[in-house]
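> Protein sequences appear in the order of chains A and B. FYI, in my numbering the residues of the first sequence are 1 to 448. FYI, in my numbering the residues of the second sequence are 1 to 936. All residues carry an ideal CB built from backbone N, CA and C; glycine is no exception.
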Amino acid sequence: MRHPGHATGSSLRWFGGMFVAAALLVSGCGDGGRVLNPGDDDDDGNDGGGGGLQRGSLTITVQVSGEAAEAAAELGWPAGRLPGALVTIQRTGSSERSDATADAQGSASFADLLPGFYTVSVVRLLDAAELTQLEGTVHEEVSAFGGGGSVEVKSGTNTASVQAGAGSRGGRIFSELFSTVAYTQTGEFASYADAQFVEIYNNSDSTVYLDGMILVQGFFPLDDDPRADCDVMAPYRLDPDAIYSTNHLQFPGSGRQYPLPPGETAVIARDAIDHSEFWAGMPDLRQADFEAVGTADVDNPAVPNMIDVSPPGKRWQNVQGRAMGLSTLTYYALAKPTDVTALPIVPTPTYGTTTERRRFPRELIIDVFSAHLRPQSLPGSDPYCAQLIHPNFDRAPAFLAGSMTNESFRRRVLARLADGTVILQRTRTSASDVEATASGAPTPFAVP
Amino acid sequence: MRFRVRARVLTALCAVMLAWGSASTYAQTTATVVGRVTEARSGAAIVAATVSVEGTALRAIADSTGLFRLERVPPGPHVLIVEGLGYATARVPIAVPAGGVVRRDVELATSALQLPGLTVTAEVAGRARGELGTASVIGREAISARSASSLAGVLELVPGVEMRPPGLDGMQQFALRAVQTSGAGSLTLSDPSAADIASAGTLIVLDGVPLSNNANLQTTGPRGEVALASSARGGVDLRRIPASTLERVEVIRGVPSARYGDLTQGVVVVDTRAGAYDAEARGLFDPQTGGGTLAAGWRLFGAQALAANVDVTRTGVDTGLREEEALRVSAQVSHRAELFADGVRGPPLTLDTRVDYFQVYADNPPRSDAPGFSSFNRDRGMRVSERVRLATGPESHLTLTASLDWTGQRSMHRAVRLRGGLPFTDRVDEGRAVGRFIGGQYQARIDLEGEAWQLYTRLEHERPVWLLGRDHSLRLGAELRREWNSGPGYQFDIEFPMQVSFNGVQGFDRPRRFDEIPAMAATALYLDDRFLSALPGDVPLELQLGVRADLLHDGTHWFSGVRDAVVQPRVNAQLAPWPWLRLRAAAGRMTKQPTLEQVHPAPQYFDVVNVNWFAADPIERLALLTTFIREPANPDLGYARARKLEAGFELATSDGNASLAVTAFHDRTTGAVAYRPEIQFLLRDRYALRDSVIGDGLPTEFLDPPTHADTVPIRLDVPANLQTLRSAGWEATLRLPEFRPLQTRLEVQAALVETNLRKGGIDVGGNRFAEFQLDERVARTPYWENVGRSGELGLATYRLIHHQPQLGLVLTAAVQHHFLERRRNIGSGDTLAWAGYITRTGEIVSVARERRGDPEFEDLRVSRTLPGPTTVVADWFVNLQATMRLPGDGRLSFYAFNALARPGARTTADRIGRTLPRLRFGAEGTLPVGAWWGSP
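1. Is it buried or exposed for A:Asp433, if we count other Cβ within 10 angstroms and need 16 for buried?
2. What ranges does the alpha helix (DSSP H) occupy inside the stretch 701-755 of chain B, keeping only unbroken runs of at least 4 residues that lie completely in it?
3. Which residue's Cα is closest to the Cα of A:Gly313: B:Asp554, B:Arg920, B:Phe514, B:Asp775?
4. What residues from chain A crowd round B:Ser501, counting only those whose CB sits closer than 8 angstroms?
5. I'd like to know if A:Ala441 contacts chain B, where contact means its C-beta is closer than 8 angstroms to some C-beta of that chain.
6. How is the alpha helix (DSSP H) around A:Ala72 delimited, first residue to last?
7. For A:Ser430 and A:Arg359, I'd like the C-alpha separation in whole angstroms.
8. Might you give, ordered along the chain, the residues of its own chain that have their beta carbon closer than 7 angstroms to the beta carbon of B:Ile517, omitting 5 neighbours on each side?
9. Who are the neighbours of B:Glu460 on chain A, taking C-beta pairs under 8 angstroms?
10. So, with DSSP's three-state summary, where would you put A:Ser94?
11. At the level of alpha carbons, what is the spacing between B:Arg427 and A:Phe197?
12. Using three-state DSSP, classify B:Asp196 as helix, strand or coil.
13. In chain A, which residues lie less than 8 angstroms from B:Ala616 when you measure between Cβ atoms?
14. Residues bridged to B:Gly695 by DSSP?
15. How would you write the range of the alpha helix (DSSP H) that A:Tyr236 sits in, first residue to last?
16. Between the stretch 136-155 of chain B and the stretch 231-251 of chain B, can you find at least three pairs of beta-carbon atoms closer than 8 angstroms?
17. From the DSSP output, in three-state form, read off B:Phe772 for me.
18. For B:Gly541 versus B:Ser533, is the C-beta distance shorter than 8 angstroms?
19. Contact check, A:Ser121 vs A:Ala396 under 8 angstroms by CB: the rounded distance?
20. What's the C-alpha gap between B:Lys759 and B:Arg789?
21. Quick one: give me the first and last residue of the alpha helix (DSSP H) that B:Arg140 is part of.
22. Residues of chain B with a CB under 9 angstroms from the CB of A:Asp194: which are they?
23. Does the contact criterion of 3 or more C-beta pairs under 8 angstroms hold for the stretch 295-306 of chain A versus the stretch 610-628 of chain B?
24. May I ask you to report which of helix, strand or coil DSSP gives B:Ala587?
25. Can you tell which of B:Thr264, B:Glu107, B:Thr926, B:Val236 has the C-alpha that lies nearest to the C-alpha of B:Met590?
26. Among all the DSSP beta bridges, which residues are the ones paired with A:Gln196?
27. Which residues in the same chain as A:Ala23 place their Cβ atom closer than 7 angstroms to its Cβ, once the five residues preceding and following it in sequence are excluded?
28. Is any beta-carbon of chain B found at less than 8 angstroms from that of A:Asp297?
29. What are the boundary residues of the beta strand (DSSP E) that includes B:Ala109?
30. What residues are listed by DSSP as bridge partners for B:Ala573?
31. Here's the rule: buried if 16 or more other CB atoms are within 10 angstroms of the residue's CB, otherwise exposed. What is B:Glu71?
32. Could you tell me whether any Cβ in chain B is nearer than 8 angstroms to the Cβ of A:Phe278?
33. Counting pairs of beta carbons, one from the stretch 85-93 of chain B and one from the stretch 102-120 of chain B, are three or more of them closer than 8 angstroms?
34. What residue does the beta strand (DSSP E) around B:Thr669 start on, and which one ends it?
35. Going by beta carbon distance, what residues of the same chain come within less than 6 angstroms of A:Thr137, once the five residues before and after it are set aside?
36. Please confirm whether any heavy atom of the ligand FMN lies closer than 7 angstroms to the CB of A:Val447.
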């Protein structure tokens, strides 16, 4: 943020020179949608005899509705359909992904699938011509469509439809989240979490301000206890109009003290220090823009401190006096400046008792970022809910984290403008928008 | 000082004694038991066999024809103990009528496995010696049939005790009549749990001398981050007592006589083998545990006997995965000399000398995949005891017991730690200091090295007294106890502690030497009377009345002042309206003294951060901290007080082969020690800085005097008599007669217990208070009162015992069934459960319940984050055991623990799953090596 700014005024009009990063989406997909199965021989000796697994086919229709349907209509697409979308499916519990491109009617087909549950993610990036088509309409900001869901595949023919929404670039959006910890050794509590940070990026073409905005940590019900499992928590977890949070930090300032020029990042560090001083390989965050300070962690006097505005009794500081513990298991949201004390505090069920959480209405939320754990990536760990938040906010989390150790997650690049400005992908679907950093290590202060 | 003399109760006791004393005479209420002792195989008479009635002083010796005659036997179900030299001891149940003569013939065999009616469990009608209270008595045969590694395995024969596979892995503490409450741990920080309180309150008496855990300081205290695998704060670790050396175990579950003190729950009286017996070797092997015992007893010149045994047992924990192991070495030598014996009456003077040694080393060495992590917990101890018994008349004795018990304890825990940057001071006294910034990876290590000592003396006079037309058995005694610790204590490098949790208000602990901690001294006096009386209609009534006074001194010796004293009346009554029925009821008070750690807690350190200036350039950094030291000792700390009530009945068939015993109980301990949060505040000085321009390369300095100060609330953890433990429930034992065609019988023992733990005084909630301390914007924090937890456990054990005396074969299938297990936190989830608030200057303001909903208290209406009720799935598992006699009277056993390899039921919609102990096979053998080498 305090690095020299790029010229403002860049916009989607210069899309001609961009490099569409769609290739990133198809990484990891093997042989055109075929799910691999060891011992893959068709023994048809006894039909339905209960011997081998019967495979199924799946046809997915990508649909759009509401605002997204209006934008699709502007583009001349068949009513309620999203043609040309890249549809990626992944079987729960497997790392194999398959993809297919939807036809003109928005249908994508997959054959030879093992029965089971599949997560589906959909992305459709607009090309330069399509962007020009939208210019001057109310949907001018739309740069991509994205969506996702979950389907069950049984033996035989299966059909399903998936909803996609229209995504816009947005101004203040999350660009990187380093929420894991570094361990000296596995299996013992010798971990280093002080280098955690959140990076925010100005994805728009005009300067925005961070003063008074709120960094909101979501919550993550685990599915192990019937008193607070995914079903019990559903009214809060999947509220279409609000998100619930116990921990949130407010940016300092109340006017235009903390500008964020286009193409610039702002880093909020747990400790704004050179962490390699204490643990090798950790990032140097001395140049962080904001610091979340606790009573016992070190305080860099050169970096302004975030203000803890969590409800009473729920400050974002642990008993060790260390601030802002980030987690891979949940999502993060950015909220517009507001007086949080005016927001209602709602008791929500927690293992037979209640936890007070503040309710942030939908109109305050401007971005959500959800880098979730990969299914079954932690053997023996508690099961968690597949959907953390209502699709109005984020359609599907990115099941990315392989462990909770030293991994960083960032938003994908959508386009690179002629002047070098990077446009990050924001389809409001973390499953499509978020990836692990190239080396796995955190890359603060920069987008790729 | 609190001194309670319950004169009223004493008067009442005397009145009861006098009242019953004026009733009818023995002739109408006691019976005579006669019989003949013969060898099972040949039918030949066994001469000089001794026959005694369990729990009484009644004893007879069989004559040259094997006949015996026991007179004045109180009516009701009893157990006869029949012992003959060279024969296995027989336990024979019998129902005695109120008057007349009853005949019971007894067969003995060289191997108990050949005895008809062999008892391999605790006897339903069993009685502890000199005790009328409800007891489980476990004889030598039942102990031999256990395949246990330690005393803990033998105690599984007590109703309500869960079965574990044999081995030395994990601490083995025993608690009578109390179950785990919600959460394994505490209400706040490290308050003792219900299990801690109950196991500390269960007295273990080994060969007439109480074991004590009161001077065990092997704990890192209420603020320690590392929980050491030490028995401190709870009961004695029973791994030190091998099962193979046990002769007899009496578990007094009910109200013990006034003879026993320093307890709240009950007493386990353990006798190890002594006297002359054939040398034997015993070994136990399974994939995790292996060990052996050599034992022998010799008759020496004159009337002397010497016995010795040595046991070595090793358990590997997670064999194949880790090197972790527990190793026990134990040795005992006992010597008895009977002096001036004339061969007609008992010896006028008996000297019993015992020397015990044990070591239990639990080692967790570094693993190749985790270098830098290791720990051990090593206890070893030596005890020398002497008992001098002087006969002062027929059935009258003066006994002096003295013992010195030393336990050397070493614990070490080593780990790699990684902490973020933080300001640090290493001051060990109060005051301000320019500190340093530390952080990063380090090797942490703590060592605890203490030596717990106990000096114990008891003088007891036992004599029959003819008083008010009754024959009374009186015991008058005095006990002196002194306990202390020494040794280098709790040691570590302050900069590299185990904990990484310095929070800017609480400092890292500081090392503490144990040899600076004063000793504790206690004195007790007791009087106990047992006599037989009768109710109108000649219904025999047996009574045991006693009173005991315990004094805890405020100095280190018995002549120093009294810190606390408690007078404890105890009553046991037993009514036998018919020979097949015994009705029993008891009430009594007991006390448990606080531990050395509770009387002399470690000082608490608070390192308040004044300046935390971590500039990018190390030269410009400044850390300023002020150290405060607070002493949490509580001069009012005194005894925990317990009240026990119970009532029950025992039914037995006339031959004693089938029986049922049911006991209902209600126990309440008040004043168990917990940590009282004493709220104080510290003044944190704030300073202006000089040269604080970032990047100028100049050291930053603070300007004295401080510009202002703010307050930091703190809580001192003061040990206080705060907790109330209430346990209520019932225990039942059922023994059905043998189903002869199959030579099999069924025994069932079951217990249903609910334990309730409440903490008096205020509770501030751990995380909530920490936040209040750390964030000066939080003006107040709620506190709670009388927080509590509860637990329920329903446990039944079904034993099918198949016995073929002719082959010397016993097959046992034991099914343990958890039919109920539930825990809950009292008041969790109630946002109005708080009682008031605490301000930043430590003021405690209570708020009436009807006002807690007012808008002004919105910030306080936060529920405590405590788990709600938890129910564990009901489940069962089976243990199988086969024991057979070997030629030469040895024996060989095979056992399968959880023989069906049940993994445990899974979590369901409303119940939490259960993990059962894994399947384990093993073998155990006893070889009479003495018989091969010639009897000693």
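Reading it off the structure:
1. Taking the first sequence and counting its residues from 1, the one referred to as residue 433 of chain A is at position 433. With 16 or more other Cβ atoms within 10 Å, it is buried.
2. none
3. Indexing the first sequence from 1 puts residue 313 of chain A at position 313. Cα-wise, what sits closest to A:Gly313 is B:Asp775.
4. Here residue 501 of chain B refers to the residue found at position 501 when the second sequence is read from its first residue. Neighbours of B:Ser501 on chain A, chain order: Val319, Gln320.
5. Translated into positions along the first sequence, residue 441 of chain A becomes position 441. No, A:Ala441 lies away from the interface with chain B (no Cβ there is under 8 angstroms from its Cβ).
6. Position 72 of the first sequence holds residue 72 of chain A. Its alpha helix (DSSP H) spans residues 66-74.
7. Counting from 1 along the first sequence, the entry for residue 430 of chain A is found at position 430. Counting from 1 along the first sequence, the entry for residue 359 of chain A is found at position 359. Rounded to the nearest angstrom, the two C-alpha atoms are 22 angstroms apart.
8. Indexing the second sequence from 1 puts residue 517 of chain B at position 517. Excluding sequence neighbours, B:Ile517 sits near Asn485, Leu596, His600.
9. Looking up residue 460 of chain B in the second sequence gives position 460. Ordered by position in chain A, no residue passes the 8 angstroms Cβ test against B:Glu460, which lies about 52 angstroms from the chain.
10. By 1-based counting over the first sequence, the position of residue 94 of chain A is 94. The answer is coil: DSSP assigns A:Ser94 none of H, G, I, E or B.
11. Numbered from 1 along the second sequence, position 427 holds the residue referred to as residue 427 of chain B. Numbered from 1 along the first sequence, position 197 holds the residue referred to as residue 197 of chain A. Each residue's Cα considered, the two are about 34 angstroms apart.
12. Locating residue 196 of chain B in the second sequence gives position 196, where the first residue counts as 1. Helix.
13. Sequence index remark: in the second sequence, residue 616 of chain B carries index 616 (1-based). Within 8 angstroms Cβ-Cβ: Ile273, Asp274, Arg286, Asn300, Ala302.
14. Along the second sequence, read from residue 1 onward, the residue named residue 695 of chain B stands at position 695. In the DSSP output, where bridge partners are listed per residue, B:Gly695 has none listed.
15. If you number the first sequence from 1, residue 236 of chain A lands on position 236. Element bounds for A:Tyr236: 234-237.
16. yes
17. Residue numbering aside, residue 772 of chain B sits at position 772 when the second sequence is read from its first letter. In this structure, B:Phe772 counts as helix in the three-state DSSP scheme.
18. Within the second sequence, residue 541 of chain B is the residue found at index 541, counting from 1. Within the second sequence, residue 533 of chain B is the residue found at index 533, counting from 1. The identity of residue 541 of chain B in the sequence shown is Leu, whereas the question assumes Gly. Cβ distance < 8 angstroms, so B:Leu541 and B:Ser533 count as in contact.
19. For the purposes of this step, residue 121 of chain A is taken as residue 121 along the first sequence, with counting starting at 1. For the purposes of this step, residue 396 of chain A is taken as residue 396 along the first sequence, with counting starting at 1. Their Cβ separation, rounded to whole angstroms, is 6 angstroms, which keeps A:Ser121 and A:Ala396 in contact under 8 angstroms.
20. Taking the second sequence and counting its residues from 1, the one referred to as residue 759 of chain B is at position 759. Taking the second sequence and counting its residues from 1, the one referred to as residue 789 of chain B is at position 789. For B:Lys759 and B:Arg789, the distance between alpha carbons rounds to 9 angstroms.
21. The residue given as residue 140 of chain B occupies position 140 in the second sequence. B:Arg140 -> alpha helix (DSSP H) spans 140-144.
22. Working through the first sequence from its first residue, we reach residue 194 of chain A at position 194. Simply Arg419, Gly420, Gly421, Gly439.
23. yes
24. For the purposes of this step, residue 587 of chain B is taken as the residue at position 587 of the second sequence. Strand at B:Ala587.
25. Counting from 1 along the second sequence, the entry for residue 590 of chain B is found at position 590. Comparing Cα positions, the closest option is B:Thr264.
26. Numbered from its first residue, the first sequence carries residue 196 of chain A at position 196. In DSSP, A:Gln196 forms no bridge with anything.
27. For the purposes of this step, residue 23 of chain A is taken as residue 23 along the first sequence, with counting starting at 1. Because A:Ala23 sits at a pLDDT of 28, beneath the cut-off of 50, its placement in the model cannot be relied upon, and the following sentence gives the value as read from the coordinates. Hits under 7 angstroms: none found.
28. Locating residue 297 of chain A in the first sequence gives position 297, where the first residue counts as 1. Yes, because at least one Cβ of chain B sits closer than 8 angstroms to the Cβ of A:Asp297.
29. The count along the second sequence starts at 1 and reaches residue 109 of chain B at position 109. Note, B:Ala109: premise wrong, no beta strand (DSSP E); not H, not E.
30. As a first step, residue 573 of chain B is located in the second sequence; it is residue number 573 there, counting from the start. Per DSSP, B:Leu543, B:Ala585.
31. Counting from 1 along the second sequence, the entry for residue 71 of chain B is found at position 71. Result: exposed.
32. Locating residue 278 of chain A in the first sequence gives position 278, counting from the first residue. So, interface residue.
33. yes
34. Taking the first residue of the second sequence as position 1, residue 669 of chain B is located at position 669. Residues 659-690.
35. Position 137 of the first sequence, counting from 1, holds the residue named residue 137 of chain A. Glu74, listed in sequence order.
36. The ligand FMN is not part of this structure, which contains no ligands at all.
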